[in-house]
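J.: This is the structure I have questions about; it appears just below.
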Amino acid sequence: MPELDDLVPPPPRGTFHEQLWEKVAAAEHAAARRWRMIAVAAVTVAIAGTSAAGVLAFGSGGAGPLDRTLSCPAPQNRLDVLAGVRGPSKFVYQAGSPDPNKAVPFHRGWPVHTKLVAHPALVEVDAGRHIILNQGIITLYQTTFAGASPSYKSGYSFDGTVCKQAKTIPFTSAGLKEIGVFTGAQGAGVSAECPIASPATLRMRVTLKSGTPTAATLTLRGGMDLRLAAYVEWTPKRVSVWLAAGCDPYGAPSE
Amino acid sequence: MFFSSVEAVVAQPLALQIDDVHERVRDVEAISHRRRFESLLERHEARLRRVAFGMLGDAHRVDDVLQDAFVKAYRKLPARFESVQQEAAWLYRIVHRTCLNELRGRRRRPEFAGLPEEAHAPNEDSLAVAAALAELSVDARAVVLLVDLIGLDYETAASALRIPRGTVASRLNAARTKLKAILDA
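Protein sequence lines, in the order shown, are assigned to chains A and B.
Number 239 in this note's numbering belongs to position 239 of the first sequence; there are no gaps in the numbering.
Take any residue in the second sequence, count from 1 to its spot, add 255: that is its number in this note's numbering.
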């Protein structure tokens, strides 16, 4: 009588791992190319290791709640939703050309700059981060469509380059799956990739205190039918996340 | 940490040639990432292959589906996992979802099943089990494969499938009964 343990999968073809790494390289290349195109459209913000979150703000400062709805493109029909509480500071490699006269740490024989950076609380919708190599200069590019974090210059960011104002959409988590509530100070949160039909429509409401965000609510919808993809309630110490079933989240749990 | 390791950017002396720059980037960032990923595969690949075959029931598609899943996993590999269980749940979830996408795609566009490059000749018992699994729903199939075939505990399987632990138990119970009936028939 056959049993479940009798199930024998086919052996991997001889070139399986070779092909796998070719696919990985192709995927990385495609992502970089996608980002170069967006960079040309002046969407991207170059960040040079200035913050752990890797973001810069488009915000213009000011106080009081802000509530905006934007319509944005969704490259390759997917966007990232990030939401988390703050975490401990850590060392990162720092971009830029190091001063050869300065002592720098070495890694495998190469000098590298490192920098201790904060790991701020954050909520944002972006289209991913990618390394671009251009004439020997490495830059990290990212498009942030909307975000709030103490690391943002003005506490918030609304893209005004490729996104445009749109009709207000409601805040609701109806029909979404609750991913979890994240608390503490160890960087707990969620980073999710959500399939989104273009154009994406997002709404973020941010409450600021002296230019620092104290709370934000964010929702994301996709396509002309405004299909709900994500809903986030965020404060620097507590984050609640709801996502559509199609989203692919991973995250760190609360302390 | 939920931020990706891509924030690690390497300092670059301008005098370096581009090839050198590439080498350094790989050295500092990509190689460690790849090593972590290869280590992950070493520990899980054989079992993931069994799960993928059990889910798909199609020996011709296992390699391609696994490769797609591994590419996704490589690109999303978190900086660290809280536990071995979290690591397993994360990886099995990606493979499971990729299998589901493949099955959905197959429904939309039935394909002619061509011959693989190297013919796979499984034994009769294996074929019988694959055929029996195909008669289960995909949800039932998933719990049987994760718990009974590769031995994940209920919590990890629940996390991988993003369903409550109790649902794993109830689905497993029903799936075991049905599978046994099919295999006994």
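Glycine included, C-beta positions come from ideal geometry on N, C-alpha and C.
(1) So does the region 142-156 of chain A actually touch the region 198-213 of chain A, counting three or more Cβ pairs closer than 8 Å?
(2) Under DSSP, the beta strand (DSSP E) around B/TYR409 begins and ends at which residues?
(3) I need the boundaries of the alpha helix (DSSP H) containing B/THR432, first residue and last residue.
(4) Ignore the nearest five residues each way along the sequence and tell me which others in B/LEU303's own chain have a CB closer than 8 Å to its CB.
(5) Since B/ASP313 is in the beta strand (DSSP E), which residue starts that stretch and which ends it?
(6) Take A/TRP161 as the anchor and find which of A/LYS177, A/THR168, A/ALA27, A/PRO73 has the nearest alpha-carbon.
(7) Is any beta-carbon of chain A found at less than 9 Å from that of B/ASN441?
(8) Could you tell me which chain B residues have their CB closer than 8 Å to the CB of A/ARG78, listed as they occur along the chain?
(9) Go ahead and pull the three-state DSSP assignment for A/ALA127.
(10) Against chain B, with Cβ distances strictly below 9 Å, would A/ALA216 count as a contact?
(11) Are there 16 or more other CB atoms within 10 angstroms of the CB of A/VAL123, so buried, or fewer, so exposed?
(12) Return the CA-CA distance between B/ARG316 and A/ALA166, expressed in angstroms with no decimal places.
(13) Taking any Cβ of chain B, which residues in the region 4-27 of chain A have a Cβ under 8 Å from it, in chain order?
(14) Which stretch, first to last residue, makes up the alpha helix (DSSP H) that contains B/LEU388?
(15) Would you kindly work out how many angstroms separate the C-alpha atoms of A/ALA25 and B/ARG330, rounded to a whole number?
(16) Within the continuous alpha helix (DSSP H) that includes B/VAL393, where are the two ends?
(17) Contact criterion: CB-CB distance below 9 Å. Does B/TYR329 meet it with respect to chain A?
(18) Pick helix, strand or coil for A/PHE16, following the three-state DSSP scheme.
(19) With 9 Å set as the bound, which would you pick, yes or no: does the beta-carbon of A/PRO236 sit closer than that to a beta-carbon of chain B?
(20) Given a cut-off of 9 Å on the beta-carbon distance, is the pair A/PRO195 and A/GLY222 in contact?
(21) Report the option in A/LEU176, A/GLY211, A/TYR156 whose CA atom is closest to the CA atom of A/ARG68.
(22) Can you confirm whether A/PRO150, when its beta carbon is compared against all beta carbons of chain B, has any partner nearer than 9 Å?
(23) How far does the beta strand (DSSP E) with A/THR69 in it extend, from its first residue to its last?
(24) How would you label A/ASP5, buried or exposed, when you count the other beta carbons within 10 angstroms and need 16 or more for buried?
(25) Would a check of beta-carbon distances place B/SER294 closer than 9 Å to chain A?
(26) Compute the Euclidean distance between the alpha carbons of B/VAL306 and B/THR422, then round it to the nearest angstrom.
(27) Can you list, in chain order, the residues of its chain with a C-beta nearer than 8 Å to that of B/PHE336? Leave out the 5 residues immediately preceding and following it.
(28) Can we count A/PRO249 as close to the ligand NAP, meaning its CB is less than 8 Å from some heavy atom?
(29) Output, in chain order, the set of chain A residues within a Cβ distance shorter than 8 Å of B/GLN322.
(30) Kindly indicate the opening and closing residues of the beta strand (DSSP E) around A/ARG238.
(31) For B/CYS354, which three-state DSSP category applies?
(32) Along the chain, where does the beta strand (DSSP E) containing A/LYS194 start, and where does it finish?
(33) Nearest to B/VAL326 by CA position, among A/GLU18, A/LEU82, A/ASN77, is which residue?
(34) What are the start and end residues of the beta strand (DSSP E) that includes A/THR222?
(35) Quick check on the burial criterion: 16 or more other C-beta atoms within 10 angstroms. Buried or exposed for B/MET310?
(36) Find the residues of chain B that neighbour A/ASP248, judging by a C-beta separation of less than 8 Å, and give them in chain order.
T.: Considering the structure as presented:
(1) Judged by pairs of C-beta atoms under 8 Å, the region 142-156 of chain A touches the region 198-213 of chain A, as three or more such pairs exist.
(2) From DSSP, B/TYR409 is part of no beta strand (DSSP E) but of the alpha helix (DSSP H) over 409-416.
(3) 420-439
(4) LEU321, ALA324, LEU346, TYR347, VAL350
(5) Premise fails: B/ASP313 is in no beta strand (DSSP E) and is neither H nor E.
(6) Looking at the sequence shown, residue 161 of chain A is not Trp but Thr. Looking at the Cα atoms, A/PRO73 is the closest of the given residues.
(7) Absent from the structure is residue 441 of chain B, since the part of chain B shown begins at 256 and ends at 440.
(8) Residues of chain B passing the Cβ test: none, with the nearest at roughly 11 Å.
(9) strand
(10) no
(11) buried
(12) 43 Å
(13) LEU4, ASP5, ASP6, LEU7, VAL8, PRO9, PRO10, PRO11, PRO12, ARG13, GLY14, PHE16, GLN19, LEU20, LYS23, VAL24, ALA27
(14) Segment 379-389, the alpha helix (DSSP H) holding B/LEU388.
(15) 10 Å
(16) 393-398
(17) B/TYR329 counts as touching chain A.
(18) helix
(19) no
(20) Their beta carbons are under 9 Å apart, which means A/PRO195 touches A/GLY222 by this criterion.
(21) A/TYR156
(22) The beta carbon of A/PRO150 does not come within 9 Å of any beta carbon belonging to chain B, so the residue lies off that interface.
(23) 66-72
(24) Flag for A/ASP5 reads exposed.
(25) no
(26) 19 Å
(27) Cβ neighbours of B/PHE336 beyond the five flanking positions: GLU342, TRP345.
(28) Looking at this structure, you won't find the ligand NAP or any other ligand, since it has none at all.
(29) Here the neighbours are PHE16, GLN19, LEU20, LYS23.
(30) 238-243
(31) helix
(32) In the sequence on display, residue 194 of chain A carries Cys and not Lys. Unbroken beta strand (DSSP E) run through A/CYS194: 189-195.
(33) A/GLU18
(34) Sequence inspection shows Gly at residue 222 of chain A; the Thr mentioned does not correspond to that position. 212-222 is the span of the beta strand (DSSP E), which, as asked, contains A/GLY222.
(35) buried
(36) LYS327, LYS331, ILE349, ARG352
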